Amino acid sequence: MAENQAATTYGNGKGAGATVGIALLGMGTVGAEVFRLIHENAADFAQRIGGPVEVRGVAVSDTSKPRPGVPAELLTTDAHALVQREDVDVVVEVIGGIDYPRELVLAALNAGKSVVTANKALVAAHADELAAAADAAGVDLFFEAAVAAAIPVVGMLRRSLAGDKIKRISGIVNGTTNFILDAMESTGASYEDALAEATRLGYAEADPTADVEGHDAASKAAILASLGFYTRVTFDDVHCEGISSITAADIAAANQAGYSIKLLAICERLEGEDGREYVNARVHPTLVPKEHPLASVNQSYNAIFVEAEAAGSLMFYGNGAGGNPTASAVLGDVVGAARNKVHGGRAPEDNTYAALPLADFGQVSTRYHIDMDVADRTGVLAAISNVFADAGVSLRTVRQEDRGDVARLIVVTHSAREKDLEDIVARLETLADVHAVNSVIRLDNA
Ligand code: HSE
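In the numbering used here, the protein residues as written are -6 to 439.
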């Protein structure tokens, strides 16, 4: 057996017709929908699973809060005791946060319960530890809802494309930032005004940092890269830039050149200077050609574009957040985990056998759109071109707009390494005739 192959400690099934006990941790928007749908669809679930499911308890922080449709005797504040109860087989974690759910999920796995979680931050930070606990106990650990809610990307990577080789995954995996960028593009609004509108409509949270700074997308990128490349990639391994510095002028310039700006999560294989294969995962604002399918993903929708060796290009599109779509993904996993509890077996699916090395962000190659204010004088363009030529970076297009004594210069490069681009920008900023490098935005290579 390969060293890092999952242990094959398959549990015995409870037998057809046996009841599967569920513990629900959290009763927010998602938890309430999960609870409602388990009861509404009980007869169908029993058929699909091979035995009925029954909610044994619901862990909440305040049992006195009114929760219509939830019997008071199911509510408890003692989540630790609930996840270890004899009559619980599957624990559903929809609390959020990292430390507290990590404790509960580990306690559940160690007690032999299968776990279904929607918690991307938890999975992206602690996947190795959680997978080891699930393997040791011979139980399932499922997290379809952690990436893009009901869009079935986790199952697609784990199962549907398990016979293929994934080359690249790029996607819009955060609805809040897509809403903001789309509003900026379609109305000309500033970032601040578009964020205020997203907040007013309930897309952005009171503290929008995790969304607008790209942290939520980075957790999802870590999960997608780990699954796609059979290599552990954690949140800390993902290079992450958000959208808070994108201006209305950036959006207008992109639009004029035939691009939309999207916050993309990009996971790809790349060849290092030593000829070895590496993987990289990153999140940053990206110029996407308007004819690319990801450019037409508007409002708060998500889409994931997968390039696989045999399957070719595939795109998955839909609602990536919200109570109902997230509950749908959670319940799909509940049915899968409950089936295994009834019929036996498990899915040791968090497989990182390939263990590919991670590429430094500086080694990543992409094209760049660089917006500068420069002096409108003879020789300035030549001096700027020399900076790029000296670094071995070729220019694809150069566009100039007159603004009196100052010219706005927009340069698009051919593919160049991040490290070289960083040096170029540092050198441009030392030129007296370059008044400002306003923005550097990457272009998607796909
Ligand atoms: N806040 C996320 C989004 C959903 O805006 O897409 C949960 O990951």
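All residues carry an ideal CB built from backbone N, CA and C; glycine is no exception.
If you're wondering where the values come from, they're calculated on a predicted model, not measured in any experiment.
Residues of its chain near residue i, where Cβ-Cβ distance is below 7 Å and the 5 sequence neighbours each way are ignored
i      : result
ASP395 : ASP369
ASP426 : VAL367, ALA368, ARG370, VAL373, ALA376
ILE42  : VAL13, VAL328, ALA331, ARG332, VAL335
GLY148 : GLU137
GLU178 : ILE244, ASN248, SER253
GLY105 : ALA130, VAL132
ALA347 : PHE222, TYR223, THR224
Residue nearest to residue i in terms of C-alpha spacing, selected from the options
i      : options                        : result
VAL166 : GLY313, LEU17, THR359, ALA400  : GLY313
VAL433 : ALA382, PRO45, ILE244          : ILE244
VAL51  : ILE15, GLY43, HIS32            : ILE15
ALA250 : CYS260, VAL76, GLU284, GLU266  : GLU284
ILE159 : ARG275, PHE222, ASP416         : PHE222
ILE254 : GLY268, PHE172, LEU421         : PHE172
PRO282 : ARG78, ASP437, PRO61           : ASP437
TYR294 : ALA301, LEU280, TYR310, THR279 : TYR310
VAL391 : GLY397, ILE144, SER378         : SER378
LEU349 : ALA72, VAL226, ALA322          : VAL226
TYR93  : ASP82, VAL83, THR70            : THR70
ALA241 : ASN112, PRO61, GLN356, ALA182  : ALA182
Proximal residues to residue i (C-beta, below 6 Å), its chain only, five neighbours per side dropped
i      : result
ASP326 : VAL109, PHE135, GLU137
ALA304 : ASP157
ALA114 : ILE91, SER212
PHE354 : HIS232, GLU411
GLN393 : ALA400, LEU402
ILE363 : VAL404, VAL433
LEU68  : VAL51, VAL53, THR56
ILE162 : LEU217, GLY221, CYS260, VAL299
LEU307 : VAL299
HIS119 : ARG95
Cβ shell of residue i (< 8 Å), same chain only, five flanking positions each side left out
i      : result
PHE170 : Note that residue 170 is Thr in the sequence shown, not Phe. Once the five neighbours on either side are set aside, the close Cβ partners of THR170 are ASP204, VAL205, GLY207, ALA210, GLY235, ILE236, LEU256.
GLY315 : THR22, ALA142
ALA429 : MET365, ASP366
ARG505 : It is not possible to answer for residue 505, since the shown part of the chain is limited to -6 through 439.
VAL290 : ILE165, ASN171, LYS255, ALA296, TYR310
PHE28  : LEU17, MET20, VAL48, VAL51, GLY62, VAL63
Residue i to residue j span [Cα, whole Å]
i       : j      : result
LYS58   : ALA65  : 10 Å
THR359  : HIS407 : 8 Å
VAL272  : LEU220 : 12 Å
GLY24   : ARG95  : 17 Å
ALA36   : GLU26  : 17 Å
THR180  : MET365 : 24 Å
LEU324  : ALA384 : 53 Å
LEU263  : SER107 : 36 Å
GLU(-4) : LEU351 : Summary for GLU(-4): the model assigns pLDDT 43, below 50, so the residue's position carries little reliability; its value from the coordinates is reported in the next sentence. Those two C-alpha atoms are separated by around 20 Å.
VAL48   : LEU17  : 7 Å
GLY168  : ASP55  : 30 Å
PHE38   : PRO45  : 7 Å
ASP80   : ALA11  : 11 Å
ARG151  : GLY6   : 23 Å
VAL98   : VAL85  : 9 Å
THR423  : SER387 : 20 Å
LEU280  : LEU174 : 12 Å
LEU102  : HIS73  : 12 Å
GLY381  : ARG435 : Going by the sequence as given, residue 381 is Phe instead of Gly. Answer to the nearest angstrom: the Cα atoms are 16 Å apart.
LEU414  : ARG420 : 10 Å
GLN292  : ALA176 : 7 Å
ALA191  : ASP267 : 46 Å
Residue-chain proximity (residue i, chain C), Cβ-Cβ < 8 Å
i     : result
PRO61 : Of the protein chains in this structure there is only one, and it is not chain C.
Point to revise | Continuous beta strand (DSSP E) assignments of at least 3 residues falling wholly in the segment 236 to 305 | key: 252 to 264, 270 to 282, 294 to 301
Exercise for review: Could you tell me which uninterrupted beta strand (DSSP E) segments, each at least 3 residues in length, are contained entirely in the segment 48 to 120, listed from first to last along the chain?
Suggested key: 83 to 86, 107 to 110
Review point. Which ranges would you report for the beta strand (DSSP E) in the segment 136 to 174 if only whole runs of at least 3 residues count?
Key: 159 to 165
Review point. Which parts of the segment 346 to 415 are runs of the beta strand (DSSP E), unbroken and 3 residues or longer, counting only runs that do not cross its ends?
Key: If we require 3 residues or more, the beta strand (DSSP E) runs fully inside the segment 346 to 415 come out as 358 to 368, 388 to 396, 399 to 406.
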